[in-house]
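Asks: One structure coming up, written as structure tokens, with questions to follow.
Protein chains in written order, with my numbering: chain A, 1 to 272; chain B, 1001 to 1307.
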């Protein structure tokens, strides 16, 4: 398969999966699903059946509706944190890349500092300190992920600022903010969107990791990470409790990664 | 070479000071009274005062900061509340287990991804390539807390080949290593493939081929050596991430390393221990990255000249 055709296939498959997940997240409250928190203790961990296609989980909650409501949490927290971090990264990174000087130095030192904490270490530590709640989870995710966007945007801005159209605008005496918003931002969007797609996959992974560790959504909130953690305890007797949310999570991240690949093929001139 | 290493170490100093400061501030991000968070509302007044005193929380902020540095230099790294022992000792006891798991996982990741990635690049555009890319995508997309339970289900529960969890024998090492290694091999396969593809298009590879070198030598001596440079960066990042991100793996497999210690530390709100572990991992990560830079200069001497 040629590179281009593969990119297109990635975009279509990934886009379909992601759109389906977003639709599920949006429509779940309107659909006639069982109350995700309704308990049915007599049938705790019952295997999948016609009445409950995904089976029942801890305390007999309906896994189908838990997984669908979990999609709302994952995508909601993911999209929210990605948009906020990307915006912060765009503003700070483009300003630093365009203006250079002490502002750039300070920003890059902060970015370096945040990059000194590998993986999800800082996220976990901050979440552990702030306590488990959806709001804290968002704060922690934004606080640790804006730096990635800022670094990327700064790098691209550094090369864009030397382009003729930017120099022309500067020669005409356009103020810096105008050059940024009118001339640089539109050209920064392509790499930003690609990064945000991969970032959303990462954010969903972080959300479920935190919930899995008991540092994310408070107990009782339908969340894939929490279901996975509960399922771990009953792995040998009720494997569906792990497999169902596990598949949902893997499928979503797979879809986002495919979509990111496809978008990059299409939008990033370097790989064309 | 020594000068190069020293310069990199010196350059890392501001980052390390920043890391220490941020880790120090961590406890001050706790909403409300940290002592109450650690001991619970029902604790005796005297116990709370004792702990406040022990942690130096009754001192002004700048004195607490100095105390934090003092503890780092006197080799205790503070006192764990849950264990009533110096933090550094606890970390050192468990570091071996984490290092073992990280190294074996990285070896498995490399063992899977190098053949896959090199082969995919060589046969770019064929079915072999598509399969490798698909494998890489799977490795990147399926998190360890999904892979691990499924692997346990297959290998421990149904086939009864390997223990479910625990530590001590080679058999205990196999599942966590394979699960972690699988995750790493995803990103690595992709990096090796991309990097090899780039190098295979270079002039020196064409020269090597045209002078009649064997394909094996062209691939491994000429292309792969150059393709290693970006791959090394990722591997350095991975090793750092492994030392930290194994929190979930170690918890899943009951592996007595730093990750599991970290998990129990934040579960029992043992904040001095949390701080110590975060500091340990961040500093090791910075040092690993310097080591990677030094390795660069082995693969590509130009790097040394540039900086």
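Yeah, the Cβ is synthetic: ideal placement off N, Cα and C, and Gly gets one too.
For clarity, every value in this text was computed on a predicted model and none was experimentally measured.
1. What are the residues in the region 237-250 of chain A lying within 9 Å of chain B by C-beta distance?
2. Helix, strand or coil for residue 1026 of chain B per DSSP?
3. Residues of the region 1123-1143 of chain B in Cβ contact with chain A at a cutoff of 9 Å, in chain order, please.
4. Report the residue from A:52, A:21, A:30, A:99 whose alpha carbon sits nearest the alpha carbon of residue 78 of chain A.
5. For residue 212 of chain A, which of A:224, A:148, A:134, A:144 has the nearest alpha-carbon?
6. Checking contacts by CB at 8 Å: is residue 977 of chain B closer than that to chain A?
7. Measure from the alpha carbon of residue 1285 of chain B to the alpha carbon of each residue in B:1181, B:1182, B:1123, B:1019, then state which is nearest.
8. Consider the Cβ of residue 1281 of chain B: report whether some Cβ of chain A lies at a distance smaller than 8 Å.
9. DSSP three-state call for residue 1079 of chain B: helix, strand or coil?
10. Comparing the C-beta of residue 126 of chain A with each C-beta of chain B, is any distance below 8 Å?
11. Using CA atoms only, rank isn't needed, just tell me which of B:1145, B:1162, B:1214 is closest to residue 1180 of chain B.
12. Under 8 Å between C-beta atoms, does residue 1266 of chain B make it to chain A?
13. Measure the alpha-carbon distance for residue 1113 of chain B versus residue 1133 of chain B and round it to whole angstroms.
14. How about residue 1299 of chain B: is its C-beta nearer than 8 Å to some C-beta of chain A?
15. Starting from the C-beta of residue 253 of chain A, find all residues in its chain whose C-beta is less than 7 Å away, skip the five residues before and the five after it, and write them out in chain order.
16. Quick test of your reading: residue 71 of chain A and residue 1141 of chain B, contact by CB under 8 Å. State the CB separation rounded to the nearest angstrom.
17. Please tell me whether residue 1149 of chain B has its Cβ less than 8 Å away from any Cβ of chain A.
18. Name the one or two DSSP bridge partners that residue 56 of chain A has.
19. Considering residue 182 of chain A, what are the terminal residues of the alpha helix (DSSP H) in which it resides?
20. For a contact meaning CB atoms closer than 9 Å, what does residue 112 of chain A contact in chain B?
21. Just to check my reading of the structure: residue 1218 of chain B and residue 1205 of chain B have Cβ atoms closer than 8 Å, yes? What is that Cβ distance to the nearest angstrom?
22. Identify the contact partners of residue 1119 of chain B in chain A, using a Cβ-Cβ distance below 7 Å as the criterion.
23. Would you say the region 225-236 of chain A touches the region 171-187 of chain A, given that touching needs at least three Cβ pairs under 8 Å?
24. Please decide whether residue 187 of chain A counts as near chain B, where near means a Cβ-Cβ distance under 8 Å.
25. Helix, strand or coil for residue 1086 of chain B per DSSP?
26. Relative to the alpha-carbon of residue 1243 of chain B, which residue among B:1034, B:1095, B:1013 has its alpha-carbon at the smallest distance?
27. Using 8 Å as the limit for Cβ to Cβ distance, is residue 1237 of chain B near chain A?
28. Of all the options A:199, A:114, A:98, A:103, which has the alpha carbon lying nearest to the alpha carbon of residue 161 of chain A?
29. Across the region 1070-1087 of chain B and the region 1262-1282 of chain B, are there enough close Cβ pairs to call them in contact, namely three or more that are closer than 8 Å?
30. Within 10 angstroms of the Cβ of residue 1248 of chain B, are there 16 or more other Cβ atoms? Answer buried if so, exposed if not.
31. Is it true that the CB of residue 1106 of chain B sits closer than 8 Å to the CB of residue 1235 of chain B?
32. Quick check: the region 177-186 of chain A against the region 54-64 of chain A, are there 3 or more CB pairs under 8 Å?
33. Less than 6 Å between C-beta atoms, sequence neighbours within five positions excluded: which residues of the same chain meet that for residue 36 of chain A?
34. Kindly indicate if chain B contains any beta-carbon less than 8 Å away from that of residue 8 of chain A.
35. Do you know whose CA, among A:76, A:240, A:155, A:115, lies nearest residue 23 of chain A's CA?
36. Would you mind telling me which residues of chain B sit closer than 7 Å to residue 205 of chain A, beta carbon to beta carbon, in chain order?
Replies: According to the data block:
1. Against chain B - using a Cβ distance shorter than 9 Å - the residues of the region 237-250 of chain A are 239, 242, 243, 245, 246, 247, 249, 250.
2. helix
3. 1124, 1125, 1126, 1127, 1129, 1130, 1133, 1137, 1138, 1140, 1141, 1142, 1143
4. A:21
5. Nearest option by C-alpha distance: A:224.
6. No information on residue 977 of chain B is available, as it lies outside the stretch 1001 to 1307 that chain B covers here.
7. Closest option to residue 1285 of chain B, Cα to Cα, is B:1019.
8. It does: the Cβ of residue 1281 of chain B has a partner Cβ on chain A nearer than 8 Å.
9. strand
10. yes
11. B:1145
12. With a threshold of 8 Å between beta carbons, residue 1266 of chain B makes contact with chain A.
13. 11 Å
14. no
15. 201, 204, 205
16. Their Cβ separation, rounded to whole angstroms, is 16 Å, which puts residue 71 of chain A and residue 1141 of chain B out of contact at 8 Å.
17. yes
18. A:62
19. Run containing residue 182 of chain A: none; DSSP gives neither H nor E here.
20. 1014, 1015, 1018
21. 6 Å
22. None at all; the shortest Cβ gap to chain A is about 16 Å.
23. no
24. no
25. Secondary structure of residue 1086 of chain B (DSSP, three-state): strand.
26. B:1095
27. For residue 1237 of chain B, the closest Cβ of chain A is nearer than 8 Å.
28. A:98
29. yes
30. Buried, by the Cβ-count rule.
31. yes
32. no
33. 65, 66, 69, 222
34. no
35. A:76
36. 1143
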